[in-house]
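Chemist: Under the numbering used here, the first residue of the sequence shown carries the number 1, and numbering increases by one thereafter. C-beta atoms are modelled at their ideal positions from N, C-alpha and C, and glycine is treated no differently. Dropping a structure here in structure tokens format, bear with me for questions.
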Amino acid sequence: MTGSLGQALTDSRPAGRLSVSGPARRSPADGAADVVLTLAWETWADIHRREFAFSVDRLFAHLYASNRVNRLLLVDPWRSTLVRRARRMLGRPPGVSFPADAGTSHLTPMRARRADPAEPGDVAAEYQRYDGLVARAVRDHGLRDPVLIATHPFHAAAARQDHWRRRIYYGWDDFASYAPHARWHEAIRDSYRRISEHALPVAAVTPAIIRTIDPRGPGLVLPNGVEPAEWSSPGPVPPWFAALAHPILLYTGTLGQRLDLDALIALAEANPKGSVVLVGHCADPSYLAPLLRHRNVHVRGLHSRAAVVAMTAAADVCLLPHVPSPLTEAMSPLKLFEYLAAGRPVVASDLEPVRALGREVRIARDAAQFVDQVARAIDEPAVPPSARADFIAHNSWSRRFDELLTFALGSDT
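Here is the structure:
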């Protein structure tokens, strides 16, 4: 698609959503543990809206289904009573219902203020109060001696030892390098320091996050993964994608300043009869404007999960053109695992998490190498089905989170 980014970002998403109801519901085994999962910045409604696409979303789904979990409490980050009241006055519909049952519950802690304070001391006090509210909900919902898996560094650092059998921090991003959280960077770094001082176990998606926190307790590197069922038989691509000229060079994910525009422009110029396609949420439209000067660059907005899977499986080459930075070095790019699960050739920037995948990915250090490696990748033979199946099995979310549960629960289950 050519034209304005405003038009590009109006692509609609079908109403379908992944569900964690029905057969996925767990049957706890003898000795199963009670578990509390607390979220960072995003809520149950966000998990549902994005169709369980991210690592924390998949972690909840795994806990919901695992027979190693007895009672489960999912906790949102702080929400504002004032914002909720305003939404009700404006007639906004209520949030998505939670799949609660006798063993699964959900808590949304409420406060007046909308945003966290910035000073580390104020943050610590605010999340000690949050931990107290969660501990009260634990008692109210009948959980006994639960294990806490905190995905918010503020809560992990503030959680009281006497509230929990065991506390672990699951770091799915380095929030201290994330530009939208710049106001809280000092507080996040302070939380990392306290997580280390408390000797909390830390599981993180990359070695870079482990190095940043420098935990005195146990550490576990647990990269992102894939859901095997998604990649067994991808559905049809959207009509606009089916009409594109080949070769199709695809990037899926957040569209913003982490993207290497020089590499993408070079690919567009080197493949004038093909299509360079970017699909995802546009975090910074002005940053992407130079790409739209090229008629074979197609910038699209959010699509359903099924459509993203189908497009990934139909692309000729999949791309990860990220500018090296502390943020990108700390990422475990979920899209890389999905590209490989689809059996597509992959060309990616030279980053530590990319190198960890070894020969599975072609690495490019600059725009010229992207052009060269993509040209080579286009001519690659198809990945044998057996090799793709082995990759999916070895990198499944289930396998990842079974390891996380063993790490979190220790010898108790």
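Should Asp57 be flagged as near chain B, meaning a C-beta pair shorter than 7 Å?
Modeler: The structure shown contains no chain B; it is built from a single protein chain.
Chemist: First and last residue of the beta strand (DSSP E) that includes Asp402?
Modeler: Segment Trp397 to Leu409 is the alpha helix (DSSP H) holding Asp402; no beta strand (DSSP E) there.
Chemist: Let's see if you can read the secondary structure: which residues bound the alpha helix (DSSP H) around Ser191?
Modeler: His185 to Glu197
Chemist: Taking 8 Å as the threshold, find out whether the segment 336-347 comes into contact with the segment 275-283 through three or more Cβ pairs.
Modeler: no
Chemist: Skipping 5 residues on each side, what residues in its chain have a beta carbon closer than 8 Å to that of Pro218?
Modeler: Pro201, Val202 and Phe407
Chemist: Taking only the alpha-carbon atoms, compute the straight-line gap between Ile392 and Pro385 and give it to the nearest angstrom.
Modeler: In a straight line, the C-alpha of Ile392 is about 11 Å away from that of Pro385.
Chemist: Which ranges does the beta strand (DSSP E) cover as unbroken runs of at least 3 residues, wholly within the segment 31-111, from first to last along the chain?
Modeler: If only complete runs of 3 or more residues are kept, the segment 31-111 shows the beta strand (DSSP E) at 33-38, 69-75 and 104-107, in order along the chain.
Chemist: Less than 7 Å between the beta carbons of Val226 and Ala61, yes or no?
Modeler: no
Chemist: Which ranges does the alpha helix (DSSP H) cover as unbroken runs of at least 4 residues, wholly within the segment 185-270, from first to last along the chain?
Modeler: Complete alpha helix (DSSP H) runs here, min 4: 185-197, 207-213, 239-242 and 261-270.
Chemist: What does Val317 pair with, by DSSP beta-bridge criteria?
Modeler: Secondary-structure assignment with DSSP links Val317 through a beta bridge to Leu249.
Chemist: Going by other Cβ atoms of all chains shown within 10 Å of its Cβ, with 16 needed for buried, is Ala289 buried or exposed?
Modeler: exposed
Chemist: Around the Cβ of Phe401, are there at least 16 other Cβ atoms within 10 angstroms (buried) or fewer (exposed)?
Modeler: buried
Chemist: By Cβ distance, which residues of its chain are closer than 8 Å to Ile188, with the 5 residues on each side in sequence left out?
Modeler: Pro153, Phe154, Phe175, Ala176 and His181
Chemist: In three-state DSSP terms, what is Leu357?
Modeler: In this structure, Leu357 counts as coil in the three-state DSSP scheme.
Chemist: Between Ile265, His394 and Ile248, which has its C-alpha nearest Asp366's C-alpha?
Modeler: Ile265
Chemist: What did DSSP end up calling Tyr339 once you bin it into helix, strand or coil?
Modeler: helix
Chemist: Considering Arg167, what are the terminal residues of the beta strand (DSSP E) in which it resides?
Modeler: Arg166 to Gly171
Chemist: Would you call the CB atoms of Ile363 and Pro247 closer than 7 Å?
Modeler: no
Chemist: I'd like to check one pair, Leu250 with Ala315: are the Cβ atoms closer than 7 Å?
Modeler: Yes; because the gap between Cβ atoms is below 7 Å, this pair is in contact.
Chemist: In this structure, how does DSSP classify Ala348 when only helix, strand and coil are distinguished?
Modeler: Three-state result, Ala348: strand.
Chemist: Using 10 angstroms around the beta-carbon of Trp172, count the other beta-carbons present and answer buried if the total reaches 16, otherwise exposed.
Modeler: buried
Chemist: Do Arg300 and Val279 have their beta-carbon atoms positioned less than 7 Å apart in this structure?
Modeler: The Cβ atoms of Val279 and Arg300 sit closer than 7 Å to each other.
Chemist: Using the beta-carbon count (16 or more within 10 Å), is Thr81 buried or exposed?
Modeler: exposed
Chemist: So, helix, strand or coil for Leu143, using DSSP?
Modeler: coil
Chemist: Assign Leu409 to one of two classes, buried (16 or more other C-beta atoms within 10 Å of its C-beta) or exposed (fewer than that).
Modeler: buried
Chemist: So the alpha helix (DSSP H) His394 belongs to, where does it begin and stop?
Modeler: Pro385 to His394
Chemist: Report all residues from its chain with a CB closer than 8 Å to the CB of Ser480; omit the five preceding and five following residues, and keep chain order.
Modeler: This structure cannot speak to residue 480, because the chain is shown only from 1 to 413.
Chemist: Determine the DSSP secondary structure at Val279, reduced to helix, strand or coil.
Modeler: strand
Chemist: Report the three-state DSSP secondary structure of Arg129 (helix, strand or coil).
Modeler: helix
Chemist: Going by DSSP in three states, Leu148 sits in which element: helix, strand or coil?
Modeler: strand
Chemist: Should Arg139 be labelled buried (16 or more other beta-carbon atoms within 10 Å of its own) or exposed?
Modeler: exposed
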